[in-house]
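Peer 1: By the numbering used here, the letter at position 161 of the sequence shown is numbered 1186, and the numbering carries on one by one without gaps.
Using N, Cα and C, we set each Cβ at its ideal position, and we do this for glycine too.
Computed from a predicted structure; not experimentally measured.
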Amino acid sequence: MIPFKDDCRIRSFPFVTIGIVVVNVLVFLYQLSAGQAESQRFVMQMGFIPYEVTHFVNLRPESVVPLYLTPFTAMFVHGGILHLFGNMLYLWIFGDNIEDVLGHLRFLLFYLGCGIIATGVQVFFEPNSQLPMIGASGAVAGVLGAFLVCFPTARVYTLVFLFFWIRVLRIPALFFLGLWFLIQLSSALGRSAGGIAWFAHIGGFIAGVVLILKYLKGRTSFTKIGA
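Below you can see the structure in the form of structure tokens.
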């Protein structure tokens, strides 16, 4: 299933969502232009390595980026075109609506906060991992969690492939994002596809749900948004 848009209208231009997408694309273009060896070095320098934090060691090549900033820098580095495309597609579809709900600055803080929490959850479950964590997945997962809270009855236009059967379906967000979360959960518990930070996805999603509920609590617009 490949989503490509939702049916929610926005009232403000999504400056931050577009900005985040642009920065991610530019960083990836730099990685491509740097060559394979330098790109791998860049990933090690900018990525977040759980083992470094839990064992107080430095495994990275010499870098101008201090260790405490890598949870932020790692969100803007990707391991391949499909990795980048998947994250940016989901951010593009759902991010503008959450930016519309929170406002530009709050959305930026929300996005980064979800990414940091997602990283912390992954470290908790895999403290000895020496693989660099990279990608916007944790932060984007937070956006998905917030969208589920705010727009559960929205429809997600999704391209569905089943052998030679190809259709565009309008799937309720509650079902689409609920299924997405269950896939992450089953993958994490089954330890499938090593190298993917499944627990970060789960942590980011839950963080998005909790943070958006905290923001919306007591607001008169909550009923209208969630309707």
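Rounded C-beta distance between I1035 and D1121? I'm assuming under 8 Å.
Peer 2: I1035 to D1121, Cβ: 5 Å. Contact.
Peer 1: Between the Cα of D1032 and the Cα atoms of L1194, V1048, V1090 and L1094, which residue gives the shortest distance?
Peer 2: Among L1194, V1048, V1090 and L1094, the Cα nearest to that of D1032 is on L1194.
Peer 1: Out of A1062, V1126 and F1150, state which residue places its alpha-carbon closest to the alpha-carbon of K1239.
Peer 2: Ranking A1062, V1126 and F1150 by Cα distance to K1239 puts V1126 first.
Peer 1: Within a Cβ cutoff of 8 Å, which residues of the same chain sit near Y1076, ignoring the five residues on either side of it in sequence?
Peer 2: Result list for Y1076: V1082, L1084, P1152, N1153, S1154 and Q1155, in chain order.
Peer 1: From the DSSP output, which residues share a beta bridge with T1183?
Peer 2: According to DSSP, which records beta bridges pairwise, T1183 is partnered with P1028 and L1194.
Peer 1: Given V1048, which residues of its chain have a CB within under 7 Å of its CB, disregarding the five upstream and five downstream residues?
Peer 2: Closer than 7 Å at Cβ, skipping near neighbours: F1101.
Peer 1: Taking 8 Å as the threshold (C-beta atoms), are L1173 and L1134 in contact?
Peer 2: Their beta carbons are not under 8 Å apart, which means L1134 does not touch L1173 by this criterion.
Peer 1: Enumerated in chain order, which unbroken segments of the alpha helix (DSSP H) with a length of 4 residues or greater are wholly contained in the segment 1083 to 1129?
Peer 2: You should have 1095 to 1098 and 1106 to 1127.
Peer 1: Can you tell which of H1108, Q1065 and S1088 has the C-alpha that lies nearest to the C-alpha of A1161?
Peer 2: If we check each option's Cα against that of A1161, H1108 comes out closest.
Peer 1: Check each candidate in L1184, L1236, I1074 and V1089 and name the one with the smallest Cα separation from L1169.
Peer 2: Nearest option by C-alpha distance: L1236.
Peer 1: Rounding to the nearest angstrom, what Cα-Cα distance links V1148 and T1178 in this structure?
Peer 2: Cα-Cα distance, rounded: 34 Å.
Peer 1: Flag this pair as yes or no: are the beta carbons of F1097 and L1130 separated by less than 8 Å?
Peer 2: No, the pair does not count as a contact, with Cβ atoms beyond the cut-off.
Peer 1: Between I1141 and the rest of its own chain, which residues show a CB-CB distance below 6 Å, the 5 nearest in sequence each way excluded?
Peer 2: Excluding residues within five positions, the ones whose Cβ falls inside 6 Å are P1096.
Peer 1: Within this structure, are the beta carbons of A1099 and I1159 separated by less than 8 Å?
Peer 2: In contact: A1099 and I1159 (Cβ atoms closer than 8 Å).
Peer 1: Using only the alpha-carbon positions, how far apart do R1192 and L1116 sit?
Peer 2: Cα to Cα, R1192 sits roughly 23 Å from L1116.
Peer 1: So I1237 is in the alpha helix (DSSP H); what residue range does that whole segment cover?
Peer 2: Its alpha helix (DSSP H) spans residues W1223 to L1241.
Peer 1: Is F1081 helix, strand or coil when you go by DSSP?
Peer 2: In this structure, F1081 counts as coil in the three-state DSSP scheme.
Peer 1: Please identify the residue among R1216, G1128, G1215 and G1145 whose C-alpha is closest to the C-alpha of S1037.
Peer 2: Comparing Cα positions, the closest option is G1128.
Peer 1: Drop a sphere of 10 angstroms on the beta-carbon of V1089, count the other beta-carbons inside from all chains shown, and report buried for 16 or more, exposed for fewer.
Peer 2: That one is exposed.
Peer 1: Going by the beta-carbon positions, is the gap between V1181 and F1206 smaller than 8 Å?
Peer 2: Going by C-beta atoms, V1181 is not nearer than 8 Å to F1206.
Peer 1: By DSSP, does F1200 sit in helix, in strand, or in coil?
Peer 2: Helix at F1200.
Peer 1: Just tell me which of G1111, L1051, F1150 and F1189 has its CA closest to the CA of A1164.
Peer 2: Cα-wise, what sits closest to A1164 is G1111.
Peer 1: What residue range does the alpha helix (DSSP H) around F1040 cover?
Peer 2: First-last of the alpha helix (DSSP H) with F1040: F1040 to A1059.
Peer 1: I'd like to confirm the pairing. Which residues does DSSP put opposite F1188 in its beta bridges?
Peer 2: Beta-bridge pairing links F1188 to no other residue.
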